[in-house]
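J.: Take this structure, written in structure tokens, and hold onto it; I'll ask about it next.
Numbering (the UniProt record's numbering), first residue to last: 1 to 579.
Now the structure itself:
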């Protein structure tokens, strides 16, 4: 099909010399049926890496399918453009949560990338792996030591290209033990600084938080600037990293603007059905595809459980409600939803340069634009957050259980104008929430968004951590290094002091930080809620894996994009070995 009908320039060209045993995989491309060895559903963070790795062997014919369009929208690539990509139908699925009791009945926008690169095209570009104990915990829950931190670290490093390891970089000797160079996934330092945030960092040190140079060595406690997935002031998304460098591969086909309608199954060996392909809608027509080896579902923590349920894999009662024939009764599909809820404290400041003061005039905006045009630096090169703090909500925690995203700006809510006074925002999230939510289809229509119910703050522990985290924010803001700004707590307000008041206010002002995981979790054979095994194979069927953030049994203690790449890296190795 021509490129303007939803096919990427990343070829559909036959390649000479393909192994003879694979040639039959192409033989039945008639009657609107297309055959491949591997089909990857979702060209997001995980899907782009998988397509790259699986197609590295010219004997593998690989199809990568994306519902969204090309990543040629200019705001994808300008870092501050996330403001124009989130809640934009060109780049975002525009999901919303169900009204949430923990948020006092509020419903939130729930961004998920809908374009080549997926969420890596609209996210905050922050490079964070979490804590070693996250992965050691996964190993315990699955009974598979492959998931231990020491065994995941090589998978993080395999695709990494860290700026400190560049020629002339400032890496210390230990940096080489934890970071890679020359891989596809570029990590750089930010290209701007804010004195008010530097002073807030010093205030955090005065409050007892140590300084760090690296959040990604397994113990992320400390304060420092975030490192970002950028290259020379441009966003570095998964499409750039893993697809554009392999355009010459004739065995890789990318279909964008293509909606997957369902997974297809045939009678398999023994009693288990086999996933034999997917049915899609392309250019207004239904197209059937087949996979000789495997179908890999990488549609994310919302899209993957939705597609499993639509295809007959999930809780029997839910499937029966929507008259969907049961292929495999897996009650865990769509359960175990976890997310990081950020609680935004806003402090008015005096005598400080903030984005509020810079961007609230035509002259200020012109200066910002000119700096980016000339230097690829300044506010247009900004990630959503600049300063990071990992610390504890109380002494009872042996590990950091809070993460701060600190920003030199303030606004009432995402998408609304900046305030007309100088201010900073210190957003704090509970890294290890005990609340669990759900993702459930509302009908058998693949184009209808599922019901997303995060159930934030539904446990007493989460409400207590929320209250305590606001007190930690106040403690940092009260330190001498920040006093020169005469900070005034604008939100939530110093009049709120009790646990009950602060937990209720957390529900009033809390918002998602866009880290949904866990809705197709991996686990042991005796875990009835485990959807996939430790090698990410879907239980009850053959020929099908899930490879994305939905397989996390517990959420990582940090941002989730980089761990998703690690998961895909590890899974690619398993898939290739199983050929």
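Note that CB positions come from ideal geometry on N, CA and C, so glycine has one too.
Only a predicted model underlies this, so the values are computations on that prediction, with no experimental measurement involved.
1. Would a C-beta distance cut-off of 7 Å place residue 342 and residue 469 closer than the cut-off?
2. Leaving out five residues on either side along the sequence, give the residues of the same chain with a beta carbon under 6 Å from the beta carbon of residue 582.
3. For a test of the three-state rule: what should DSSP assign to residue 37, helix, strand or coil?
4. What residues are listed by DSSP as bridge partners for residue 253?
5. Count Cβ pairs between the stretch 289-307 and the stretch 44-62 that sit closer than 8 Å; are there 3 or more?
6. Is it buried or exposed for residue 560, if we count other Cβ within 10 angstroms and need 16 for buried?
7. Assuming residue 135 is part of the alpha helix (DSSP H), what are its boundary residues?
8. Less than 7 Å between the beta carbons of residue 410 and residue 238, yes or no?
9. Is there contact here, the stretch 133-149 with the stretch 100-107, by at least three beta-carbon pairs under 8 Å?
10. Report all residues from its chain with a CB closer than 7 Å to the CB of residue 439; omit the five preceding and five following residues, and keep chain order.
11. With DSSP as the reference, label residue 492 as helix, strand or coil.
12. Let's see if you can read the secondary structure: which residues bound the alpha helix (DSSP H) around residue 573?
13. Count the other CB atoms, across all protein chains shown, that sit within 10 Å of the CB of residue 412; report buried if there are 16 or more and exposed otherwise.
14. Applying the 10 Å Cβ sphere with the 16-neighbour rule, what's the burial state of residue 1?
15. By how many angstroms is the C-alpha of residue 355 removed from the C-alpha of residue 419?
16. What do you get for residue 529, buried or exposed, if any count of 16 or more other CB atoms within 10 angstroms of its CB means buried?
17. Return helix, strand or coil for residue 288, following the three-state DSSP convention.
18. Cα separation between residue 578 and residue 82?
19. Using a Cβ distance threshold of 8 Å, determine whether the stretch 552-572 contacts the stretch 145-164, with at least three qualifying pairs required.
20. According to the neighbour-count rule (16 or more other Cβ atoms, all chains shown, within 10 Å of its Cβ), is residue 33 buried or exposed?
21. Who pairs with residue 404 in a beta bridge, going by DSSP?
22. Strictly by DSSP, which residues pair up with residue 162?
23. With distances taken Cα to Cα, identify the nearest neighbour of residue 507 among 381, 369, 40, 429.
24. Going by Cα to Cα distance, which pick from 260, 35, 229 is closest to residue 580?
25. Between the beta-carbon of residue 544 and the beta-carbon of residue 276, is there less than 7 Å?
26. By how many angstroms is the C-alpha of residue 132 removed from the C-alpha of residue 345?
27. Do you know whose CA, among 229, 230, 228, 213, lies nearest residue 222's CA?
28. Threshold first: 3 residues or longer. Then list the beta strand (DSSP E) segments lying entirely within the stretch 46-133, N to C.
29. Rounded to whole angstroms, how far is the Cβ of residue 457 from the Cβ of residue 466, which I believe are closer than 8 Å?
30. Within its chain, find whatever has a CB closer than 6 Å to the CB of residue 146; leave out the 5 residues flanking it on each side and keep chain order.
31. Would you kindly report the start and end of the unbroken alpha helix (DSSP H) that includes residue 462?
32. With hydrogens ignored, establish whether the beta-carbon of residue 251 is closer than 6 Å to any heavy atom of the ligand MG.
33. What's the call for residue 229, buried or exposed, on a 16-neighbour Cβ count within 10 Å?
34. Taking all protein chains shown into account, decide if residue 327 is buried (16 or more other Cβ within 10 angstroms of its Cβ) or exposed.
35. From residue 165 to residue 75, what does the alpha carbon distance come to, in whole angstroms?
36. Are there 16 or more other CB atoms within 10 angstroms of the CB of residue 363, so buried, or fewer, so exposed?
T.: Looking at the atomic coordinates:
1. no
2. Nothing about residue 582 can be read from this structure; the chain reaches only from 1 to 579.
3. strand
4. 63
5. yes
6. buried
7. Going by DSSP, residue 135 is part of the alpha helix (DSSP H) stretching over 132-142.
8. No, they are not a contact pair.
9. no
10. So the qualifying residues of the chain are 302, 305, 306, 334, 337, 450, 452, 519.
11. Here residue 492 sits in coil by DSSP.
12. 561-577
13. exposed
14. Below a pLDDT of 50, predicted positions are generally treated as unreliable, and residue 1, at 35, falls in that range; no measurement from the model is reported.
15. 10 Å
16. By the neighbour-count rule (16 or more Cβ atoms within 10 Å), residue 529 is not buried but exposed.
17. strand
18. 39 Å
19. With a cut-off of 8 Å, the stretch 145-164 and the stretch 552-572 count as touching, because enough Cβ pairs lie within range.
20. exposed
21. Per DSSP, the beta-bridge partners of residue 404 are 389, 428.
22. 187
23. 429
24. Because the chain in this structure spans residues 1 to 579, residue 580 falls outside the shown range and cannot be described.
25. no
26. 29 Å
27. It is 213 whose Cα lies nearest to the Cα of residue 222.
28. 62-65
29. 6 Å
30. The beta carbon of residue 146 is closer than 6 Å to none in its chain, skipping five residues each way along the sequence.
31. 460-477
32. In terms of ligand content, the structure shown is empty, and the ligand MG therefore cannot be addressed.
33. Per the 10 Å Cβ criterion, buried.
34. buried
35. 29 Å
36. exposed
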